[in-house]
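Structure, as structure tokens:
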Amino acid sequence: MITADRKPFEEIKESVKDYKKIMVLGCETCVAICQAGGEKEVEILASELRLAFGNEGNKVEVSEELVVRQCDDEFMADPAFLEKVKEADVILSIACGVGVQHACNFFNRTITDKPIRVIPGLNTTFMGANIDVGLWEERCLGCGDCVLEKTGGICPIARCAKSLLNGPCGGSSNGKCEINKELDCAWNLIIERLEALGDLERIKPVEMYKDWRASYSGGPRKRVREDLRL
Amino acid sequence: MVDYEPRVVAMLCNYCAYSAADLAGVGRIQYPTNVRIVYYLCTGKVEIIHILKTFEAGADAIFVGG
Amino acid sequence: MRAAKRIEYTKKLLDEIGIGSERLEFFHIAASEAPLIAETAKEMTERAKKLGPNPYRIRLQQESKKDKE
Ligand code: SF4
Ligand code: SF4
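Chains as they are written, first to last, in the working numbering: chain A, 377 to 606; chain B, -11 to 54; chain C, 35 to 103.
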């Protein structure tokens, strides 16, 4: 899933301080699961804003809304919902960065008589897994040319600090990465896993290069499925 | 110090603090009358939003007993 | 304990929004500790007196008075 953290309250407050009608808009998918932008977080942020502004004698209206996914038109197309969007001075989206951008794009595409201001309430962090209760770790960088079949299912791009294709580097010690002693050395994990699988042979050939054009280095990417297009 | 009648809300767990409050009642132990009790089956169920909403509703202080 | 941790976190939020973390507290009180709960109730009432009214409530009252005028 995509993980995110809420921005510091002070920063959020500053970014909405000039508006009287604020809509806090949550997203029920990734950010709900990582407890940054789901229903509970919408309620909490809205209540915090009311209390904080109210305290300063600043009367603001804070409404609370939630959609299944902000990265998809279909979940935001409800006319009654769009009417509420139009009434707000600012939409404080607590979806990931994709959701914020898509909601902004969608609202301004469908609501033509008024420009809609959408701002983020989260810092989007990474694509990762829920390792334990309250713990998430980065697992994939979306490099567009997956190498997991060679590395025993452990990603050297996302999990090795240097994204080495041939590892480990000289800094690997006692299974930990030199960048940060808390961090497992991905290449140590890879070798242990391959050893257990009896597949060590797989990493013997030197990986000369990887096609990074498929990654972000080739500029923003697009995915087209012609068969699905109308 | 401001002279006023504070509104204090107590969020109490059925199995510990609420029973204690009950007992205090039975034993006629005096406690301030401006404390309003909210009963929970377990204080693990006290959500952040309950606390924030209670302040929005005008509480001056809240204590959670479990 | 989950409740205690959550209260700790909520105290931080209360500081951020200007309500103040002192207005919230968690206490361990066993079922048999009737005097302790009375003590706690007294303590929190005293604390609320010292802190003064919830600023948000005061603001709201002022605002609604203004609205009526
Ligand atoms: S190799 Fe690329 S696609 Fe595969 S897990 Fe790593 S970053 Fe993701
Ligand atoms: S110690 Fe391991 S994970 Fe860290 S940079 Fe070197 S090879 Fe990569």
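By construction, the Cβ of each residue, glycine as well, lies at the ideal position given by its N, Cα and C atoms. Since the structure is predicted, the reported quantities are computational estimates derived from the model, not experimental observations.
Pick from A:Gln477, A:Val509, A:Ile487: whose alpha carbon is nearest that of A:Thr500? A:Gln477
In angstroms, rounded to a whole number, what distance separates the CA positions of A:Val438 and A:Arg589? Straight across, the Cα-Cα distance linking A:Val438 with A:Arg589 is about 44 Å.
Just to confirm my understanding: we take A:Ile507, look at its own chain, exclude 5 residues before and 5 after, and list those with CB closer than 8 Å. What are they? Glu513
Using the beta-carbon of each residue, find all residues closer than 6 Å to any heavy atom of ligand 1 and list them in chain order. By the rule of a C-beta closer than 6 Å to any heavy atom of ligand 1, the residues picked out are A:Cys516, A:Leu517, A:Gly518, A:Cys519, A:Cys522, A:Val523, A:Leu524, A:Cys531, A:Ile533, A:Ala534.
I think B:Leu0 touches B:Gly53, with their Cβ atoms under 8 Å apart; what is that distance to the nearest whole Å? 5 Å
Secondary structure at B:Asp(-9), three-state DSSP: helix, strand or coil? It is coil, neither helix nor strand.
List the residues of chain A whose Cβ lies closer than 8 Å to the Cβ of B:Phe51, in chain order. By Cβ distance, chain A contributes nothing, its closest Cβ being about 19 Å from B:Phe51, past 8 Å.
Exposed unless 16 or more other CB atoms sit within 10 angstroms - verdict on C:Glu43: The question names Glu, yet the displayed sequence has Tyr at residue 43 of chain C. With fewer than 16 other Cβ atoms within 10 Å, it is exposed.
Just to confirm the assignment, what range does the alpha helix (DSSP H) spanning C:Glu80 have? 68 to 85
Between A:Ala537 and the rest of its own chain, which residues show a CB-CB distance below 6 Å, the 5 nearest in sequence each way excluded? For A:Ala537, where only same-chain residues beyond five positions count, the Cβ hits under 6 Å are Cys553, Ile555.
Would you call the region 391 to 405 of chain A and the region 428 to 437 of chain A touching, i.e. three or more CB-CB distances under 8 Å? yes
Which class does A:Ile409 belong to by DSSP, given the choice of helix, strand or coil? helix
Considering only DSSP beta bridges, list what B:Arg24 is partnered with. B:Val(-3)
Please list, in chain order, the chain C residues whose beta carbon lies closer than 8 Å to that of B:Val34. Ala37, Arg40, Ile41
Under 9 Å, CB to CB, which of the residues in the region 8 to 38 of chain B have a partner in chain A? Glu35, Ile36, Ile37
Spell out a yes or no on whether the region 37 to 54 of chain B and the region 589 to 606 of chain A are touching, meaning 3 or more CB-CB pairs, one atom from each, closer than 8 Å. no
Ignoring anything shorter than 3 residues or poking outside the region 379 to 436 of chain A, list the beta strand (DSSP E) runs there in chain order. 397 to 403
Could you tell me the alpha carbon to alpha carbon distance between A:Ser423 and B:Leu40, rounded to whole angstroms? 6 Å
Count the other CB atoms within 10 Å of the CB of B:Thr21; is the residue buried (16 or more) or exposed (fewer)? Around the beta carbon of B:Thr21, fewer than 16 other beta carbons lie within 10 angstroms, which makes this residue exposed.
Flag C:Arg93 as yes if its beta-carbon sits less than 8 Å from any beta-carbon of chain B, otherwise no. no
Return yes when the Cβ of A:Cys472 is within less than 8 Å of the Cβ of A:Ile378, no when it is not. yes
Does A:Lys557 come within less than 8 Å of chain B when only Cβ atoms are used? no
Name the residues in the region 408 to 439 of chain A whose C-beta lies less than 7 Å from a C-beta of chain B; which are they? Lys416, Glu419, Ile420, Ser423, Glu424, Arg426, Leu427
Which one of A:Leu401, A:Glu419, A:Val474, A:Leu540 has the shortest CA to CA distance from A:Pro596? A:Val474
Give me the DSSP bridge partner(s) of A:Lys552. A:Ser549, A:Asp560
Pick out whichever of A:Asp454, A:Val582, A:Gly504, A:Val600 has its Cα sitting closest to the Cα of A:Thr486. A:Asp454
Among the candidates A:Phe385, A:Leu458, A:Glu571, whose CA atom is the shortest distance from the CA of C:Ile51? A:Phe385
Quick one: list the residues of chain B neighbouring C:Lys76, beta-carbon separation under 7 Å, in chain order. Tyr19, Pro20
Residues of the region 51 to 65 of chain C with a CB closer than 9 Å to any CB of chain B: list them in chain order, please. Ile51, Ile53, Glu56, Arg57, Leu58, Glu59, Phe60, Phe61, His62, Ile63, Ala64, Ala65
May I have a chain-ordered list of the beta strand (DSSP E) segments no shorter than 3 residues that lie completely inside the region 452 to 504 of chain A? 466 to 469, 494 to 496
Taking only three categories from DSSP, how would you classify A:Ser439? strand
Chain-ordered neighbours of B:Leu40 on chain F, where CB pairs are closer than 7 Å: In summary, chain F is missing from the structure at hand, where the protein chains are A, B and C.
Simplified DSSP assignment, three categories, for C:Glu42: helix
How long is the line joining the alpha carbons of A:Gln611 and C:Leu70, rounded to whole angstroms? Nothing can be reported for residue 611 of chain A, as the shown portion of chain A is limited to 377 through 606.
Between the CA atoms of A:Leu401 and A:Phe483 - distance to the nearest angstrom: 13 Å
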